[in-house]
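One structure is given here, and the rest of the page talks about it.
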Amino acid sequence: MVDESSEFLPLVYEPASISAYSYLHTGERDHVLVQHALYSCYQLPENEVSRAIELRDIVTSLGPAYIKLGQALSIRPDILSPAAMTELQKLCNKVPSYPDDVAMALIEEELGQLWYNIYSELTSSPIAAASLGHVYKGRLKENGDLVAVKVQRPFVLETVTVDLFVKRNLGLVLRKFPQVSIDVVGLVDEWAARFFEELDYVNEGENGTFFAEMMKKDLPQLGKTSGEEHQRFKVPTRMFGSAFVLIPLPKWAVEEIDKDPDLAYTDQWGRRNYEYISLSCDTLPVLKGRTPIQCYGDFMRAFRDKFEHLLGDTIVMLLNHGNRILSSGKAIFDNTGVKISVKVAGIHWHYGTRSHAPELTAGYYNTRFHDGYLPIARMLARHGAVFNFTCIEMRDHEQPQDAQCAPEKLVRQVGLATREAQVPLAGENALPRYDEFAHEQILQASSMNIDGEDRDMCAFTYLRMNQQLLQPDNWRRFEKKMKEGN
Numbered sequence: 003m004v005d006e007s008s009e010f011l012p013l014v015y016e017p018a019s020i021s022a023y024s025y026l027h028t029g030e031r032d033h034v035l036v037q038h039a040l041y042s043c044y045q046l047p048e049n050e051v052s053r054a055i056e057l058r059d060i061v062t063s064l065g066p067a068y069i070k071l072g073q074a075l076s077i078r079p080d081i082l083s084p085a086a087m088t089e090l091q092k093l094c095n096k097v098p099s100y101p102d103d104v105a106m107a108l109i110e111e112e113l114g115q116l117w118y119n120i121y122s123e124l125t126s127s128p129i130a131a132a133s134l135g136h137v138y139k140g141r142l143k144e145n146g147d148l149v150a151v152k153v154q155r156p157f158v159l160e161t162v163t164v165d166l167f168v169k170r171n172l173g174l175v176l177r178k179f180p181q182v183s184i185d186v187v188g189l190v191d192e193w194a195a196r197f198f199e200e201l202d203y204v205n206e207g208e209n210g211t212f213f214a215e216m217m218k219k220d221l222p223q224l225g226k227t228s229g230e231e232h233q234r235f236k237v238p239t240r241m242f243g244s245a246f247v248l249i250p251l252p253k254w255a256v257e258e259i260d261k262d263p264d265l266a267y268t269d270q271w272g273r274r275n276y277e278y279i280s281l282s283c284d285t286l287p288v289l290k291g292r293t294p295i296q297c298y299g300d301f302m303r304a305f306r307d308k309f310e311h312l313l314g315d316t317i318v319m320l321l322n323h324g325n326r327i328l329s330s331g332k333a334i335f336d337n338t339g340v341k342i343s344v345k346v347a348g349i350h351w352h353y354g355t356r357s358h359a360p361e362l363t364a365g366y367y368n369t370r371f372h373d374g375y376l377p378i379a380r381m382l383a384r385h386g387a388v389f390n391f392t393c394i395e396m397r398d399h400e401q402p403q404d405a406q407c408a409p410e411k412l413v414r415q416v417g418l419a420t421r422e423a424q425v426p427l428a429g430e431n432a433l434p435r436y437d438e439f440a441h442e443q444i445l446q447a448s449s450m451n452i453d454g455e456d457r458d459m460c461a462f463t464y465l466r467m468n469q470q471l472l473q474p475d476n477w478r479r480f481e482k483k484m485k486e487g488n
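Going left to right, the sequence shown walks through residues 3 to 488 as my numbering numbers them.
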């Protein structure tokens, strides 16, 4: 058990300060070292797939730092097997809770008074339990607002500090073994800095307030805040958000519905939904002399005028920009033997959805019903350029399933687009990968065997030449697969 003293604990990630604190807890550190050794053995490739569930249970039992690490590793196919990744991804949705009486005591300790002096209501059990704490639903006594009350797990900062010390020092030891291709120290340092940011609930609350202030003008519903005066490092209070949000009609429309309730959307059992106007009113002048269709038209027209700079022209601007750049480059490098290649981003998150929102946000107009890569391929073909694409090493089942990632399907779509446009396709891996699974996927994707037609990529860039690649085991695997590819 880690004691309550936090005199030496930093609130931001500082390896030196963490070491200073951890050396004061030698017994605890030894205990965690034993746990860590047990946990690490499950990462070896020769373990059976059936033990993946045991891996998740062990990670959960080790506490917040290991749960967070498990969540981070759940999308790292270069480190874990697909079965282990699948089990660890469950930690992103649900983790065990801790006793509610402990949480209530921490709320009152942080606020300096009994909880019912601030909240008129507070759920007796959490509505959500995460790696760092619980979330309770409450209602402020002062104004009746629904709020979310986050409660940090007991001694989470102290426990995390010791765990990070153990992980980092294990990484220093592993650096002495050339066959270990993973830079554990670098991985821990990068990950731990973000971890400490998540522990700072006060900073989280300030960021939320800043965002709300920015949104007040254009989206008042998102700009509403409540409970800021009750922010504490371990117990923040924020406006409650729910999946069941009422988005009411404008006041002037509600006034007309109050006069005639049949204007509200009504089902066959007489239940009314006051967020919608009945479809039977579409062409009737029931809203102060105007039809709902006319009102919806006004709304859509206002939306168009407000967001006109974001609608429709982004992909056109990108294509025009590409045309101008390639025209200039072609004029400069013509007759020199230089081949121009254009790198196109591989945005595979939410590729399995209809909207493909991440691609649209980046300016690629690619949806289930519109091919966004064919216009790019045709533009490159006009200038004799190479279409250079990424994420060639990725497999669909290695990615987070809740994000509906589909890198293999994305690569296939790009392959079809370049085939139709008759433009050469080059590839590269998005992440440094040295395992056989990635090598096999690279060879398979590079062969571009689409619909029975073999059409190899014109080039492939392997990321990357570094000390990890030159480790004996990694180099042997790389050399073997590259020979197979030839």
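For each residue, glycine too, the CB sits at the ideal point set by N, CA and C.
Where does residue i fall in DSSP's three states?
i, result
"R292", "strand"
"G339", "coil"
"N275", "strand"
"P47", "Confidence is the limiting factor: at P47 the pLDDT is only 49, short of 50, which leaves the residue's position unreliable, though a coordinate-based value still follows. Here P47 sits in coil by DSSP."
"V182", "coil"
"Q91", "helix"
"S99", "coil"
"S63", "helix"
"S280", "coil"
"A408", "coil"
"G331", "helix"
"V237", "coil"
"G140", "strand"
"T369", "strand"
"A364", "coil"
"N325", "helix"
"R306", "helix"
"L35", "For L35, the pLDDT reaches just 47, beneath the cut-off of 50, and the residue's location in the model is therefore unreliable, leaving the point undetermined."
"N468", "coil"
"Q115", "coil"
State the start and end residues of the unbroken alpha helix (DSSP H) segment that holds residue i.
i, result
"N171", "158-176"
"V256", "253-261"
Residue range of the beta strand (DSSP E) that residue i falls in?
i, result
"E400", "Run containing E400: none; DSSP gives neither H nor E here."
"Y68", "Per DSSP, Y68 belongs to no beta strand (DSSP E); it is in the alpha helix (DSSP H), 66-75."
"R356", "R356 -> no beta strand (DSSP E), and no H or E assigned at all."
"L376", "That residue, L376, is in no beta strand (DSSP E); its alpha helix (DSSP H) goes 376-384."
"A347", "Note, A347: premise wrong, no beta strand (DSSP E); not H, not E."
"A266", "266-268"
"E123", "121-124"
Taking the alpha carbon of residue i as the reference point, which residue from the options has its own alpha carbon closest?
i, options, result
"D456", "V416, N468, R421, A440", "R421"
"L189", "E199, R240, L75, L289", "L75"
"A85", "R53, R141, D404", "R53"
"E400", "S448, E215, V162, Q443", "Q443"
"S329", "P287, A383, P377, G299", "A383"
"P347", "N171, M319, A432", "Contrary to the premise, residue 347 reads as Ala rather than Pro in this sequence. It is A432 whose Cα lies nearest to the Cα of A347."
"H323", "F335, S63, V344", "V344"
"S126", "Y100, D437, A266", "Y100"
"M450", "V168, K485, E410", "E410"
"Y121", "V186, V151, Y436, N209", "V151"
"G339", "L251, A387, Y298, T239", "A387"
"C407", "A447, L445, T355, H372", "T355"
"Y298", "L445, H350, Y278, F309", "Y278"
"L201", "I55, F305, H136, D260", "H136"
"R380", "E395, V416, A405", "V416"
"L376", "L471, D191, A419", "A419"
"I184", "A67, Q296, Q470, T463", "Q470"
In terms of DSSP beta bridges, what is residue i paired with?
i, result
"I452", "E455"
"G429", "F391, F462"
"G135", "Q154"
"A130", "V137"
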